[in-house]
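Student:
There are 2 protein chains.
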Amino acid sequence: MAKVPYKTYLTEEEIPKQWYNIRADMKEQHDPFLNPGTLQPITTEDLYPIFARELCKQEMDAETRYVDIPDGVLEFYRMFRPSPLIRAYNLEKALDTPAKIYYKFEGNNTSGSHKLNAAAAMAYYAKEEGLTSLTTETGAGQWGTALSQACAFYGLDLTVFMVKVSFEQKPFRKSVMETYGAKIIPSPSDTTEVGRAILAKDPTTGGSLGCAISEAIEKSLGDESCRYALGSVLNQVLLHQSVIGLESKIAMEKIGEYPDIVVGCAGGGSNLGGLMAAFMQDKLTGRHNSRFVAVEPASCPSMTRGRYAYDFCDTGKITPLAKMYTLGSQFIPSPNHAGGLRYHGMSPILSKLYHDGYMEAISAEQTRVFDAATLFCKREQILPAPESAHAIYGAVQEALKCREAGEAKTILFGLTGTGYFDMHAYAQYNDGTMSDYIPTDEDLQRGFDSLPKVE
Amino acid sequence: MAKVPYKTYLTEEEIPKQWYNIRADMKEQHDPFLNPGTLQPITTEDLYPIFARELCKQEMDAETRYVDIPDGVLEFYRMFRPSPLIRAYNLEKALDTPAKIYYKFEGNNTSGSHKLNAAAAMAYYAKEEGLTSLTTETGAGQWGTALSQACAFYGLDLTVFMVKVSFEQKPFRKSVMETYGAKIIPSPSDTTEVGRAILAKDPTTGGSLGCAISEAIEKSLGDESCRYALGSVLNQVLLHQSVIGLESKIAMEKIGEYPDIVVGCAGGGSNLGGLMAAFMQDKLTGRHNSRFVAVEPASCPSMTRGRYAYDFCDTGKITPLAKMYTLGSQFIPSPNHAGGLRYHGMSPILSKLYHDGYMEAISAEQTRVFDAATLFCKREQILPAPESAHAIYGAVQEALKCREAGEAKTILFGLTGTGYFDMHAYAQYNDGTMSDYIPTDEDLQRGFDSLPKVE
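Chains as they are written, first to last, in our numbering: chain R, 642 to 1096; chain U, 642 to 1096.
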């Protein structure tokens, strides 16, 4: 039997009792969020109408290094955490690489992804504050499912604006959320001003995450006992998702490993930000010098081809402005692309770290990503989400480099979720009808033209 | 924090190295399989044209108490086993019961069920023997997916005859199997004599497991390097699935528990047979006296309303005859019913144990089953397969009895799988269009009329 087991689990006692706030160790903070009207930095209080109060504080707090995870959240975590750290022995064999490949698998829960980590926190704080409902948006559906689950558990109503193209491609995702009691509205919809305006301009639009965000915020603003929740991009999300990396680090210590390279897919940054935080701390504080690689789709290349600029987080331009890598809030990714990672922007924290040279980014065409996904299916026996498959692709590239160089590096990647609700994409790949889409410079310029004039 | 953790995992070293053969401890064996032509007991050699040789031996071996699990199978098991034993704290709270409810969760793998335990063994033995391909049938799709995964891993071709009604309801199940390289044919098909005969009689039939079994066997018989594999009913399947109960027993010992009641859903018996074997051993040998409860759908009540008689395992009447609880090989369950458990017969081992009074059986209407499933979703956060939800229903009934009696019994049930590919059924339940179907005595009589005349 192999010395290192296939799966390393922590005990439930070993689940971290605190989240890690990477901002406390960053040399420089990301530029402040700006009020879209005044262009002045926003305050914690400015956010109160949008998010539950505790979450507003977490969003703005760059100083507290460790934040206690409430017992009520830990109770929820114990139903699906700790997640396993898995040694990809069979993938290594198939690649004939001396590299040691590990992945942290966050998909063994009904939401099918890591999104449940943040959903539990947001629903818990909303309930504690006495709110009775939340709104949110969902693209591929993992976040909407995760928040539906958490709201069912804590006893909150939930309205989910689901990007229309996903709503139509994934009727069963809708059924999962409804099973947990959520109300699902395809976006853009005629239930909000933003939605009606977008529909007036283009009645046949398939929608976008940015548009669904606008609708969800608008709806929450009309109800004092309701707030909005967002599953990526935000600082609070990276805080909650830090549990992924904290667990990974403890598990790797147990088996005497430390990653030379950390790889994650990047849409808004929730997974990669959470996976890498505990390891990036070691880099920021000079204890280790791992490489960090973000893998994004060639069809939506926020970091590899985007601008580092102030932009809105939504299409309707009602959110605060964030300084981030962006393709412009009016950039609508090709519906051709499978799964999530279809967001125009990127976590301000990740953007800052990337801009300051602490991490790298690559992009991948989707058929190459599904090549990697299918290999992984057959050797590691887990059918990955299209998003997660970007990380597999990145890890495979690194492992092949190790083969050429004859180096036994340790690679850690985030397997964020499973693809059971993404089989339309696999079906396209299997029957050869999947195509790649790479925006031209002109396509990107149209998005950049929508950037607000700041500075 | 609670004394007993939510999830109890064994280490990979603790995965059982041997399967347990319950026949070695049964006071009486089930009646022998009969050659359908001669009505004489069959020999191991008679089975060689159908199954891989090692599996034929396992099918007929009532004496070897423990069978070594080959290293090549253990390697596969380590990718998804051990599975967790979970304390259902939040379900207990919702039911306000003094009962302690545990479930062994077999759904955390891409097949979505326990079926992978037997699939790995069958594909491994076929490969070892030098065979190049397998055929099988699938209803709800878990078994076909499991065998697709195992065949991809060991390097075998696979043809899956998928019950036509499932093929049409579950296009994404097909895509999963195709991703693993399997060829899927809706059954009945025009590729076999049996299929053509059934289509000639009823061109619009939705098919049945019994019919798909006939087609898969017929196809394998035409190719010397090909054999057939079956995911339930057989003795070899109960042997392979015994790993479920063996792991459960070790996990319960670790936390100082022993089940007073063991509950499982029953279609062909693969899950319940595997879950209960290690505990039934204690009953057969006088060490413990647990109760064992099979839960079957009211629409396909093999044990609760069937006959204990010799019958064919398939609709085409080409398999050996087995003495079992059966509704008759020509009984076609209502397509109204969701998921698996739609098989006319029952494992001969389970049938014998039930007939001899070692276990009980109840039936449940499907809307009541989905009531239990939905409660479980919200409290335990896992969306169960419709099959597994029968076991939840049974466990809830026992827990409610404990509440009335004020008894803190320990209940163990098998959560065989997840329902991510069964959302059409949840959608029906959610929108109120799901209905119950209970066959009339006349419906059942038509099935009984098809029983072969033996004895």
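In this text, a Cβ means the ideal position worked out from N, Cα and C, and glycines have one as well.
Return helix, strand or coil for Y766 (chain U), following the three-state DSSP convention.
Tutor: In the structure shown, Y766 (chain U) sits in a helix (DSSP, three-state: H, G or I).
Student: Once you ignore the five residues that flank P976 (chain R) on each side, which residues in its own chain have a CB closer than 8 angstroms to its CB?
Tutor: Closer than 8 angstroms at the Cβ level, and outside the excluded window around P976 (chain R), lie V806 and G847.
Student: With C-beta atoms as the reference, is V936 (chain R) less than 8 angstroms away from G915 (chain R)?
Tutor: It is not a contact, given that the beta carbons lie outside the stated cut-off.
Student: Applying the 10 Å Cβ sphere with the 16-neighbour rule, what's the burial state of A841 (chain R)?
Tutor: With fewer than 16 Cβ atoms within 10 Å of its Cβ, A841 (chain R) is classed as exposed.
Student: With DSSP as the reference, label K648 (chain U) as helix, strand or coil.
Tutor: Looking at K648 (chain U) - three-state DSSP - the assignment turns out to be strand.
Student: Quick one: grab the DSSP three-state call for Q699 (chain U).
Tutor: Correct three-state label for Q699 (chain U): helix.
Student: To the nearest angstrom, report how far apart F953 (chain U) and P1080 (chain U) are at their CA atoms.
Tutor: If I take the Cα positions, the gap works out to 21 angstroms.
Student: If the cut is a Cβ gap below 8 angstroms, which residues of chain U does E795 (chain R) touch?
Tutor: Strictly speaking, residue 795 (chain R) in this sequence is Tyr, with Glu absent from that position. None at all; the shortest Cβ gap to chain U is about 10 angstroms.
Student: Can you confirm whether the segment 765-777 of chain R touches the segment 827-837 of chain R when touching is taken to mean that 3 or more C-beta pairs between the two stretches lie within less than 8 angstroms?
Tutor: Touching, no.
Student: Quick check: the segment 740-749 of chain R against the segment 1033-1049 of chain R, are at least 3 beta-carbon pairs closer than 8 angstroms?
Tutor: Touching, per the Cβ criterion.
Student: Using a Cβ cut-off of 8 angstroms (strictly closer), state whether Q1022 (chain R) contacts chain U.
Tutor: Closer than 8 angstroms: yes.
Student: Leaving out five residues before and five after I854 (chain R) in sequence, what residues of the same chain have Cβ atoms less than 6 angstroms from its Cβ?
Tutor: So the qualifying residues of the chain are E778 and D955.
Student: Taking DSSP as the reference, what is the three-state secondary structure of I973 (chain R)?
Tutor: Three-state result, I973 (chain R): coil.
Student: Helix, strand or coil for M642 (chain R) per DSSP?
Tutor: Any reading at M642 (chain R) must be qualified, since the residue scores a pLDDT of 43, below 50, and its modelled position is unreliable; the value itself is stated next. Three-state DSSP puts M642 (chain R) in coil, outside helix and strand.
Student: Would the beta-carbon of L887 (chain R) fall within 8 angstroms of that of P938 (chain R)?
Tutor: For L887 (chain R) and P938 (chain R), no; Cβs fall outside 8 angstroms.
Student: Find the residues of chain U that neighbour S594 (chain R), judging by a C-beta separation of less than 7 angstroms, and give them in chain order.
Tutor: Because chain R here runs from 642 to 1096, residue 594 (chain R) falls outside it and cannot be looked at.
Student: What is the residue span of the alpha helix (DSSP H) that Y995 (chain R) lies within?
Tutor: First-last of the alpha helix (DSSP H) with Y995 (chain R): P989 to H996.
Student: What are the boundary residues of the beta strand (DSSP E) that T679 (chain U) is part of?
Tutor: From DSSP, T679 (chain U) is part of no beta strand (DSSP E); its letter is neither H nor E.
Student: T738 (chain U) and C1018 (chain U) look like a contact to me (Cβ under 8 angstroms); what is the Cβ gap, rounded to whole Å?
Tutor: Between C1018 (chain U) and T738 (chain U) the Cβ distance is about 18 angstroms, and since that is not below 8 angstroms, they are no contact.
Student: Establish whether the CB of E646 (chain U) and some CB of chain R are separated by less than 8 angstroms.
Tutor: Before going further, note that residue 646 (chain U) is Pro rather than Glu in the sequence given. True, the Cβ-Cβ gap to chain R drops below 8 angstroms.
Student: Is there at least one Cβ from chain R nearer than 8 angstroms to M720 (chain U)'s Cβ?
Tutor: Cβ-Cβ to chain R under 8 angstroms: yes for M720 (chain U).
Student: Is F1054 (chain R) helix, strand or coil when you go by DSSP?
Tutor: In this structure, F1054 (chain R) counts as strand in the three-state DSSP scheme.
Student: Let's see if you can read the secondary structure: which residues bound the alpha helix (DSSP H) around C867 (chain R)?
Tutor: Careful: C867 (chain R) lies outside any alpha helix (DSSP H), inside the beta strand (DSSP E) at C867 to Y869.
Student: Since N662 (chain U) and R706 (chain U) should fall inside the 8 angstroms C-beta cutoff, what is the C-beta to C-beta distance between them, to a whole number of angstroms?
Tutor: The Cβ separation is near 6 angstroms, so the contact holds.
Student: Check whether chain U comes within 8 angstroms of F813 (chain R), counting only Cβ atoms and requiring the distance to be less than that.
Tutor: So, interface residue.
Student: Please tell me whether H929 (chain R) and Y1078 (chain R) are closer than 8 angstroms, where the distance is taken between their beta carbons.
Tutor: Going by C-beta atoms, H929 (chain R) is not nearer than 8 angstroms to Y1078 (chain R).
Student: Under the assumption that D822 (chain U) contacts V801 (chain U) (Cβ atoms under 8 angstroms), give the Cβ distance between them as a whole number of angstroms.
Tutor: Note that residue 822 (chain U) is Gly in the sequence shown, not Asp. Between V801 (chain U) and G822 (chain U) the Cβ distance is about 11 angstroms, and since that is not below 8 angstroms, they are no contact.
Student: Taking DSSP's pairing of strands, which residues face Q877 (chain R) in a bridge?
Tutor: None; Q877 (chain R) has no bridge partner.
Student: Run through chain R and tell me which residues come within less than 7 angstroms of N749 (chain U), C-beta to C-beta.
Tutor: The answer, in chain order, is N749.
Student: Show which residues of chain U have a CB atom less than 8 angstroms away from the CB atom of K964 (chain R).
Tutor: Per Cβ cutoff of 8 angstroms: no residues; K964 (chain R) is ~37 angstroms from chain U at best.
Student: My understanding is that S931 (chain R) touches Y966 (chain R), with C-beta atoms under 8 angstroms, so please give their C-beta distance in whole angstroms.
Tutor: Between Y966 (chain R) and S931 (chain R) the Cβ distance is about 21 angstroms, and since that is not below 8 angstroms, they are no contact.
Student: Could you tell me whether the segment 682-692 of chain R touches the segment 708-715 of chain R, using the rule of 3 or more Cβ pairs below 8 angstroms?
Tutor: At 8 angstroms Cβ cutoff, the stretches do not touch.
Student: Quick check: what's the CA-CA separation for D687 (chain U) versus F794 (chain U)?
Tutor: If I take the Cα positions, the gap works out to 29 angstroms.
Student: Closer than 8 angstroms by beta-carbon distance: list the chain R residues that pair up with T679 (chain U), in chain order.
Tutor: Ordered by position in chain R, no residue passes the 8 angstroms Cβ test against T679 (chain U), which lies about 43 angstroms from the chain.
Student: Please report whether the beta-carbon of T800 (chain R) lies at a distance below 8 angstroms from any beta-carbon of chain U.
Tutor: Taking Cβ atoms only, chain U never reaches closer than 8 angstroms to T800 (chain R), which makes this a no.
Student: How about L968 (chain U) and G1088 (chain U): do their beta carbons lie closer than 8 angstroms?
Tutor: Contact: yes.
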